[in-house]
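Below is one structure, written out as structure tokens; comments come after it.
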Amino acid sequence: MDEPIDQKKSNKALWITGLIIAIFVIGLLTNGFGLFNSSPNIKEPIPLAIENSPVLGDPNAPVTIYEFSDFSCQFCGQFAKGALPLIKQNYVETGKAKIVFKYFPGHGTARPAHAVGLALNEQGLFWEFHDLAFDNPDDLGSLNKMKALAETLGADMDQLDSDLDATNYYNQLQRETNMGSANGVEGTPFFLINGRSISGAQPYSVFESTIENALN
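Note that the working numbering has the sequence shown beginning at -1, numbered continuously upward.
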């Protein structure tokens, strides 16, 4: 004899309820449905660090200016020719601040130029190359043209070639990009000054007030 319809409905309801409870228990035993253990979705923070990046100024200067920049970014070039010379004159050369140059892709077409720049940092020529790179925006993607530019600075070309062969500077560029992303950088130029941030090629007065606040 068939079971009564009410009995069938009752059995089905019990089965569904049991299934829901089982799923819930399994969820709690694994990751709590993300309520209690959300660490897989949290980015590991990357603290700011100088590492092997080019530094302008006294390494012991009280204020550190992290500059995230890209030679192929026209606004980075505006900063390099606008506010930067005054920052150098008033804060870097007086020992009050140092600038740490970090790569972050603006247009992202200048990676060969940045690789040469990092190699030239081994010879103390990064900042001279930095100025020339911004003056030659059409050649930034050519490793050979960037090496020719380095030669005009009197670089030891044998050492340059050796450093480029021995060191994967592109890995460093990627690390710096990751560091920037982890610290709120979304475009270039971007600056972090003792915990304060400046976005874009702002006028010198903006940097002046931020640096003064960091000094006080």
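Think of the CB as a built atom: it goes at the ideal place given N, C-alpha and C, for glycine as much as any other residue. Computed from a predicted structure; not experimentally measured.
Run through the DSSP bridge pairs and tell me what residue i is partnered with.
i          : result
residue 84 : Paired residue(s): none; residue 84 is not in a bridge.
residue 64 : 98 and 190
residue 90 : BP columns for residue 90 are empty, so no partner.
residue 54 : 97
How far does the beta strand (DSSP E) with residue i in it reach, from first residue to last?
i           : result
residue 100 : 95 to 101
residue 73  : Note, residue 73: premise wrong, no beta strand (DSSP E); alpha helix (DSSP H) at 72 to 79.
So is residue i buried or exposed if we call it buried at 16+ other beta carbons inside 10 Å?
i           : result
residue 138 : buried
residue 169 : exposed
residue 27  : Interpretation of residue 27 is limited by its pLDDT of 46, a score under 50 that renders its predicted location unreliable; the figure taken from the coordinates is listed afterwards. Residue 27 comes out exposed.
residue 177 : buried
residue 210 : exposed
residue 174 : buried
residue 65  : buried
residue 60  : exposed
residue 57  : exposed
residue 161 : buried
residue 109 : buried
residue 83  : exposed
residue 79  : exposed
residue 51  : buried
residue 164 : exposed
residue 147 : buried
residue 215 : A question about residue 215 goes unanswered here, because the residues of the chain that appear run from -1 up to 214.
residue 213 : exposed
If you follow the alpha helix (DSSP H) that residue i is part of, which residue opens it and which one closes it?
i           : result
residue 115 : 109 to 119
residue 146 : 141 to 149
residue 131 : 124 to 133
(request) Tell me the start and end of each unbroken beta strand (DSSP E) in the region 165 to 205 that is at least 3 residues and wholly inside, in chain order. (result) Given a length threshold of 3 residues, each whole run of the beta strand (DSSP E) inside the region 165 to 205 is given here in chain order: 188 to 191 and 194 to 197.
(message) Check whether the region 98 to 110 and the region 57 to 72 touch, using three or more Cβ-Cβ pairs below 8 Å as the test.
(response) yes
(request) Please determine if the region 117 to 127 and the region 150 to 160 are in contact, where contact requires at least 3 C-beta pairs separated by less than 8 Å. (result) Flag = yes, the region 117 to 127 and the region 150 to 160 touch.
(request) Decide if the region 178 to 187 is in contact with the region 42 to 61; the criterion is three or more beta carbon pairs, one per stretch, under 8 Å apart. (result) yes
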